[in-house]
Amino acid sequence: MPRETMAQKRERAAEVERRMFEVYGEGACSLDYTDPFRLTVAVVLSAQCTDAAVNKVTPLLWERFPEPADLAAADTAQIEEIIRPLGFYRAKAAKLKGLAQMSVSEFGGTVPQDIDELQRLPGVGRKTANCVMCQAFRDPQGIAVDTHVYRIAHRLKFCGPSANTPDKVEAALLKVYPREQWLYINHQWVHFGREYCRARNPRCSECFVADICPSAGKC
DNA sequence: ATCCCGAGGG
DNA sequence: CCCTCTGGAT
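In the working numbering, the protein residues as written are 2 to 220.
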């Protein structure tokens, strides 16, 4: 079997993406992403818990602390009380307060449209910054390679077997996918990785890209 | 029992 | 690189 050319790989990637889009849409979670500050807060809260849980809590948060300045001045115990069901609530409460404080003192009560500046905010790491750039600003700066993206990229062979670091996998993906699609990859692949392309016991027999996946049935 | 759309710190 | 922080869903 001849080695796949880059053009063929891009074509296959485009087909994968088409199908992902059918199943998961833009992948934009139901978090409120119209306001960059609120989106950032919601994404920080969403670490290690479901969007549904976050969406239950954020309305209470906005009600009690309508403006970033209110959150910046808040008593962390009050924040903790509201976000407790999400888990990691002490750390998250401290992050929210710090995030709001920096937002107010350095960014006029909003959040910067810059991947590196975003990561200076307490609680905002690479993954969250990427999410904010994509969802709030529609200005993707790359793909955040977490365990899901790493695993899926390898199984679909969108990167070579020697791509053994997140940076190498990202570099490969950026070449395979056009920039407009970087917006969706993280969101869609995370859902896909949970539902089909699981780390253990992948559901290849039911997977909607199995016919164009080189690893189908081999994981 | 085990896993989760992470970040920060040692 | 490894650990911790926490609750909820399955």
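We put the beta carbon where it would ideally sit given N, CA and C, even for glycine.
Computed from a predicted structure; not experimentally measured.
Notebook entry, point to check: If we count the other Cβ atoms within 10 Å of its Cβ and call it buried at 16 or more, is Lys219 buried or exposed?
Noted result: So Lys219 ends up on the exposed side.
Notebook entry, point to check: How big is the Cα-Cα spacing for Ala130 and Pro123?
Noted result: C-alpha of Ala130 to C-alpha of Pro123: approximately 11 Å in a straight line.
Checklist line | Phe89 - DSSP class collapsed to helix/strand/coil | finding: Coil, per DSSP.
Notebook entry, point to check: Taking the C-alpha atoms as reference points, what is the distance between Gln142 and Gly110?
Noted result: Going by the C-alpha atoms only, they are around 23 Å apart.
Next item on the list: Could you tell me the distance, in whole angstroms, from the CA atom of Arg152 to the CA atom of Arg39?
Entry: The alpha-carbon atoms of Arg152 and Arg39 are separated by roughly 31 Å.
Checklist line | Distance, Cys208 Cα to Ala1 Cα | finding: Only positions 2 to 220 of the chain appear in the structure, and residue 1 is not among them; the question remains open.
Notebook entry, point to check: Cβ atoms of Asp36 and Ala101: under 9 Å apart, would you say?
Noted result: Not a contact, by the Cβ cut-off of 9 Å.
Checklist line | Range covered by the alpha helix (DSSP H) that runs through Thr148 | finding: From DSSP, the alpha helix (DSSP H) with Thr148 extends over Thr148 to Arg156.
Checklist line | Cutoff 6 Å; reference Met21; Cβ partners in own chain excluding five residues on either side | finding: Excluding sequence positions up to five before and after Met21, its CB lies within less than 6 Å of the CB of Gln189, all in the same chain and listed in chain order.
Next item on the list: Output the residue ranges of the alpha helix (DSSP H) runs that lie fully inside the region 70–149 and measure 4 residues or longer, sorted by chain position.
Entry: The region 70–149 is shown to contain whole alpha helix (DSSP H) runs of 4 or more residues at 77–84, 90–108, 116–119 and 127–136, in chain order.
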